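> Just passing along the structure, written as structure tokens.
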Amino acid sequence: MSKIALITGATSGIGAACAHLFAAQGYNLILLGRREQLLTEVSKHLEDKYAVEVKKIVADVRDNEDLSYRLETLPQQWKKVDVLINNAGLSQGLDPIDKGNIDDWDTMIDTNVKGLLYTTRIVSNWMIARKSGHIINIGSIAGKEVYPNGNVYCATKHAVDALNKSMRIDLLPHGIKVTAINPGMVETEFSKVRFKGDEGRAKKVYDGLEPLVAKDIAEAIWFVVSRPAHVNINDMLIMPTAQATGTIINRK
Ligand SMILES: NC(=O)C1=CN([C@@H]2O[C@H](COP(=O)(O)OP(=O)(O)OC[C@H]3O[C@@H](n4cnc5c(N)ncnc54)[C@H](OP(=O)(O)O)[C@@H]3O)[C@@H](O)[C@H]2O)C=CC1
Ligand SMILES: CC(=O)[C@H](N)C(=O)O
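Our numbering numbers the first residue of the sequence shown as 34 and each following residue consecutively.
Structure below.
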């Protein structure tokens, strides 16, 4: 029987790259995101290419009622989730604390922290019932340090760091592995979303350096997931060679 991975934020970037890699390894997938068309395209491509089964969940992780309904009404065999990748997340804006947009703050907190909690609350119970599972939380270098104007995004990723450590303690008696993957600069839709569609500004973020690509992070996640049963990698920080900290970057 094939293993199952549930990936939130699977319509682009790191989540979509994980979907590809896990499908290539023969995993059946539950893919979650808000953009239905992209979810359909990714799912169809993977089903055709790798002959795996894919369940799509078009949902917003901020909406606990709808998310719970969609997860709890999955057929029983789809609740045997082996790997949960809590990846859905975003940054909105890059402003000093006195000028921040309150709606952006709410969006980041509701998605990056509360959405991750809502998903974990449900899926961890499925894992506890089977006394096995692996939860991968996508944090960030922004969860290890802060950078100018990163304030609320950094706070949400520090919260992910704390939750990752807490989850490992709480789920320890149940044999569930918990790992944080903390990327530096990865060229995805991340900066386009942060700058609200301003492609020029988004591109500038990666000027003069070779950033990570989503596949680099997916490969690290696969490495973590494919360790022997007695090995857990607690925390991984992955940066482009040209990036030393959140803001110290060697640009050519
Ligand atoms: N790129 C980078 O430099 C870094 C990224 N990260 C983290 O990696 C994770 C993935 O980001 P990345 O791949 O780079 O960026 P992308 O913007 O390419 O992907 C983000 C994904 O999250 C999904 N998402 C966003 N909001 C919601 C929501 N409310 N409900 C459900 N899904 C949602 C998006 O899907 P949809 O819009 O269809 O809902 C999309 O699939 C995030 O947690 C991000 O914070 C961490 C460090 C660095
Ligand atoms: C600084 C980073 O590497 C990260 N992509 C972020 O912008 O938080």
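Here a beta-carbon is modelled for each residue, glycine too, at the ideal position from N, C-alpha and C.
All figures in this text were calculated on a predicted structure; none of them were measured in a lab.
Can you list, in chain order, the stretches of the beta strand (DSSP E) that have 3 or more residues and sit fully within the segment 89 to 164?
Runs found: 116 to 119.
> Let me know the secondary structure DSSP gives D268 once reduced to three states.
In this structure, D268 counts as strand in the three-state DSSP scheme.
> Do you know how far the Cα of P216 is from the Cα of G166?
One C-alpha to the other measures close to 23 Å.
> In the DSSP assignment, find the alpha helix (DSSP H) that holds H207 and state where it starts and stops.
Looking at the DSSP string, H207 is not in any alpha helix (DSSP H), and its letter there is neither H nor E.
> What are the boundary residues of the alpha helix (DSSP H) that includes I254?
Looking at the DSSP string, the run of the alpha helix (DSSP H) that includes I254 is A247 to V258.
> Could you spell out where the beta strand (DSSP E) holding I37 opens and where it closes?
Taken as a continuous stretch (DSSP letters only), the beta strand (DSSP E) holding I37 covers I37 to T41.
> Please identify the residue among W159, K210, D203 and M141 whose C-alpha is closest to the C-alpha of A192.
Closest by alpha carbon: M141.
> Can you find at least 3 beta carbon pairs, one from the segment 220 to 227 and one from the segment 113 to 121, that sit closer than 8 Å?
Not touching, per the Cβ criterion.
> Based on the DSSP output, what are the partners of G166 in its beta bridges?
I209, per the DSSP bridge assignment.
> Could I get the ranges of all uninterrupted beta strand (DSSP E) runs contained in the segment 165 to 199, with 3 residues as the minimum, in chain order?
Qualifying beta strand (DSSP E) stretches, in chain order: 166 to 171.
> Within its chain, find whatever has a CB closer than 6 Å to the CB of K89; leave out the 5 residues flanking it on each side and keep chain order.
The residues are L64, L72 and S76.
> Look up I47 in the DSSP assignment and give the residues it is bridged to.
Beta-bridge pairing links I47 to no other residue.
> For G66 and I281, what's the separation of their Cα atoms in angstroms?
The straight-line gap from Cα to Cα measures roughly 32 Å.
> Answer yes or no: the CB of I174 versus the heavy atoms of ligand 2, is any distance below 8 Å?
Yes.
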